[in-house]
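To start, the structure under review is shown below, and the notes come after it.
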Amino acid sequence: MKGRQTPSHGITQSKGTRFATAITTLLLALTVFTPQVVAQSQCMRPGTDAPCLPGGLTSAVHTEPSLNSGAGNPVHLATGHKIHFEHDGPFRRHYHANNQGPGSILGPAWSMDWETRLSLSAHHATILHADASRTHFTRRDTHSAYTSPHGKLEQTDEGWTWQGLSGQTLAFNLNGQLIRLRNAHVELHVQRHREKGQALHGLAHTLVLNGRKITLQYRFLEGQPRLSAMQMPTGTLRYLYTPAGNQRIPRLRQAILPDRTAHRYHYALHSPPHSGGLVGIDKKRAPKTPFQPWRHWTLDPNERVKLLALHHLGPAKTRTQYLTFQYESVTVPGRAGVTHVKQANGHHTRFLFRWVNGRPRLHAVSADPCPGCAAPGTRAHYTRYGELKQINGLRIFRKPQGQIRQLNSRQSGWPNLQLHFNRKGQLQRWYSLLTGNTVLSRTPNGLPSRRAFANGDVWHYQYDGAGRPVNITSSGPGNKRISTALQWRGDLLTHVRHPNETLQFEYDLQGRLISQESTRPNQGAALTLQSRFAYNERNQLIQHALPEGGSLHYTWRGTQLQRLVWESAQGRRYVVVQAPPLPNQTAGYRYGNGLQATTTIGPGFARQSLRATSANGNRPVVWQQTYRLNAQGQVVEEDIAGAEIHRRRYQHDQKQRLIGALHMTGNTASDLHHRQTRWYAWQDSGALLAHKHSGGTQHPRIQRDASGLPTQINQTSLRYGADRRLKTVLTTHHIHYQHDAFGRLIKRYRSDRDTTPTQAFWYLDGQRVAERVSNNAHSLQPLLSRRYLYIHHTPVGFIQYSHRYPQGRLYFIQSDLLGAPRLVTDANQEIMWLASYSPTGLANVKVERLSLNLRLPGQHADPDTGWHDNLHRTYDPQSGHYLEPDPLGPFPGGDALGYARQQPRRYIDPLGLMLFAFDGTRNNAQTKSNVWKLAQRYEGGPVFYQSGPGNPYETDWDALTAYSARHYQPAMAESAVRPGQRNAKPQRYATHRYSGLFAWQCHGPPLRQSGQPAHPQQSVLISRPFTRAGFRLCRFALSGLVRHGCPIRHWR
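If you're matching positions, the sequence shown starts at 48 in this note's numbering and goes up one per residue.
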């Protein structure tokens, strides 16, 4: 391949940051498909000895995917070396047991992101990244620049500059030390001591990250400088050291975070002077608690890990898991290497490595699954340069210089999927049998300018000089051209003008949303609703002033939400929900009418209980739901205890899809007799193939246009707009729908609306919070008919406005483990509405003294069609699939039409975009594997595994499109430079999710474990436009330890 070089080396946000982030939240989902980002049964850095871990700040955006060669915490399976990383504020601290680089400011084998160095020789140059990866360059003569497939390294007046293909720039001084980094999200300046002859010469003293200063302090130990403190706007991180062994080399002993949690490190007694020697890590999870063992391991005489202990920090008494490593043969040129990982339960996994282009590459995984390992059944093939060319059913086609130009997947949920990339690694076209070709055009800066669908729909994007989108237009055959205009103040969106609605946003000096105003045409006039918000000194939402009058009040104890209160327009206050009283708080909350909701989690089960109050002080169970989980985390049995007992047993296929449900009922658990059986068969696209129930088999009959939108379902005709949202349904009546700029349903009416009511809906933070039913027969009616109240994405009540109760009447919604309403009760605990659900979410309403169309989170039932509006798509609860292909386009592990990976009793999809899983990774109990550790956005993860969105047995194109793990630089930048605003403006984690003409970005702090604080953005009552603040759109947990997207112990 002309122009490519084989390395001869052996193993070894700027000022525009927030603009760039806001820009991408408005653009196409497919812009994030780039082979320069990251994932895990595969990962991105074959130029390193480190297995699948997130790259460092300097290396995360330019590297090549490879299979994960780690296990456990992880341990590199080819070399046996221990690898580790931690978050220190906005940076990563890396540990690599075999790191033979220059001494670090943290001691042997540790390094910080800014310790990336440049090494030069006459014809070769190497950037030694802090995460132990390498970027190699060559040149033919000493007067030319160094080049590589990753960009060009050129000499400048201040030293050397590397301009990567991704747009990232690294600058080094004449000593090869990093002095500057710039990319789309981060601008980092490293200021170093210049006093020649002094011990600190060349060491960094100040880091300027996106305009904010971070100060570094040192102390001398055994005559060597060691980093002692990092002073950030969010607090000070401190480092303590202790000599280890007989070498008197100061080694990192503790890292104490600003919140006074800490990590403690243990080293082997007789480690070689410059080796890592790390053998254990303890964690202190709260300031006044003792350290707990977290990970410990022993080393063999060759410094390889031979036994690894994985301790569990959670409250559940889970046994420590042990992994034993056996190195059967070492990988060398001409001879394969084999490593075995054995578990205490007798399972063992075999890993086969071969030497390719200077280092071992994982070729095959067989036998049993193991924690943190690539999935069994994985098979890989490489080019002579060590680049992947096939992973199982995925074929990878490359350009002569090695960049990926096309991916063909035979195992995708998008039939016959093909992805085509431009020379910058950006997706320019994708194809599937279902959707035809989708073509993307871009501006010179790489921003999408046009998206064309196979049915003729076209979206156009225009930007201002700062790169912010200011106009987005949709058009299509037979559809009216629709234009949306946007206005900005800095990176804050202030106006959205759409033909169906104008939105205005107002912010305070701290950038917090204090007002949102909606104006819509209404029978020749304008209907305006304005919500206002107030915060405390901790930036926590404390009041939401309602447009219909009255307010919602939030009470906090520290970082924990304690109470939600509705104040009517007349000033009367009503408790909606509140935390259980101290000191015996339980997971759950108490409703204002006295009902108590409690969630209990144990090994293999989850339970949601609703208890009433009585005059004698007893708390009888009114309703109770129990999940029983198997070793794979699947829901295998579900019990509902109420007026009668309902029990369902579920069956799943090898892909973990729901295929069978046995329903039994009776008066007691021991007298279950009435039986009904359902069987499901699914297409690869996630659509229902057949449903057998009550002796009959149903086969959905759907006709689609060239882009996959349905035009006919059985006898019903459908018409879509250019925004690809359903506009008209033709049955016995014509049902019409209108949507806002975000693709959200805001109006519904029938062709005979002179005699039937028109419904209008309003949203905050992507949730439907208000509705108005207009009936021409009544000239006088309340401004709103209903106001919904949420805690996170779980509805907890609503305020009903009517002629009888013009000032509003409060009702309480009791939901199940998935967040679907099961009961509505009034102030006297009387049941006003009661429903059960089919396995796919079809409601069977048993008590209906008032109406309720809320269903699974994000879903609202249509009374005429029976379908559910799912915010950005339409869900058919009878069939268990979506009508339209995922508007985000293809993503690894996803399918075009499937709902929640066909596991509707386990996952939800509040946005109609992708499932919400436990941790957004490919963690899977069947493989007992953190297969996508690279994508894991938060420390610790869940105590119980649930399958993530990817199928670990189909290691396919996730590595190449790098969908599961986005660039982490935005999170790094924001976490350091936004002191005191984590609640008001959540940290940004750059996973961009798109729907309709707009995109939502994966915002908000990582999902927190039980007992950690909740944030007001995670409720519906505070909103930032174009963000789904508080919701991890990149797939997070919902069942088991997580209560409706929020940790169930959130109230504790």
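For each residue, glycine too, the CB sits at the ideal point set by N, CA and C.
Computed from a predicted structure; not experimentally measured.
Close beta carbons around residue i, own chain, < 7 Å, minus the five adjacent residues each side
i: N404; result: T53, R431, Y432, G433
i: G844; result: V623, L836, L857, Y858, F859, I860
i: F66; result: Per-residue confidence for F66 stands at a pLDDT of 30, beneath the threshold of 50, marking its modelled position as unreliable; no derived number is given.
i: Q785; result: N547, I793, K794
i: A690; result: none
i: V820; result: P804, Q806, S832
Residue burial classification, residue i (beta-carbon count within 10 angstroms, cutoff 16)
i: S322; result: buried
i: L765; result: buried
i: T724; result: exposed
i: E584; result: exposed
i: N46; result: With the chain represented from 48 up to 1099, any question about residue 46 goes unanswered, as that position is not in the structure.
i: N891; result: exposed
i: T485; result: buried
i: R536; result: exposed
i: Q1016; result: Residue placement at Q1016 cannot be trusted, given a pLDDT of 32 that sits under 50; the coordinates are not used to answer.
i: V326; result: buried
i: Q762; result: exposed
Beta-carbon gap between residue i and residue j smaller than 9 Å
i: T281; j: G136; result: yes
i: L409; j: N115; result: yes
i: G440; j: G941; result: no
i: W726; j: I706; result: yes
i: R797; j: I782; result: yes
i: R351; j: H699; result: no
i: T185; j: A172; result: yes
i: V505; j: S522; result: yes
i: R470; j: K446; result: yes
i: G755; j: T378; result: no
i: G214; j: G493; result: yes
Contacts around residue i, its chain only, beta-carbon distance under 6 Å, and the 5 residues preceding and following it disregarded
i: L221; result: G206
i: E684; result: R675, R696
i: R239; result: G249, A251
i: P747; result: L735, S926
Secondary structure of residue i, DSSP reduced to three states
i: D135; result: strand
i: W461; result: coil
i: R953; result: coil
i: A882; result: strand
i: A947; result: helix
i: W161; result: helix
i: L212; result: coil
i: W914; result: coil
i: V237; result: strand
i: I152; result: coil
i: G117; result: strand
i: N455; result: strand
i: G596; result: coil
i: N439; result: coil
i: S166; result: strand
i: K335; result: coil
i: K893; result: strand
Option in the options with minimal Cα separation from residue i
i: A573; options: G472, R748, E548; result: E548
i: L299; options: D306, P305, R311, V820; result: R311
i: P462; options: N917, A734, I878, Q681; result: A734
i: G651; options: N665, I443, L642, G680; result: G680
i: R610; options: Q617, A616, Y621; result: Y621
i: I846; options: N761, G639, K702, H359; result: G639
i: G895; options: G905, W880, R902, F138; result: The question names Gly, yet the displayed sequence has Glu at residue 895. Nearest option by C-alpha distance: W880.
i: T779; options: H840, A716, D911; result: D911
Residues of its chain near residue i, where Cβ-Cβ distance is below 8 Å and the 5 sequence neighbours each way are ignored
i: S562; result: Q551, F552, E553, Q577, S578, R579, F580
i: S168; result: none
i: S376; result: R382, A383, G384, V385
i: S195; result: Q52, T182, H183, F184, T185
i: A391; result: Q368, Y369
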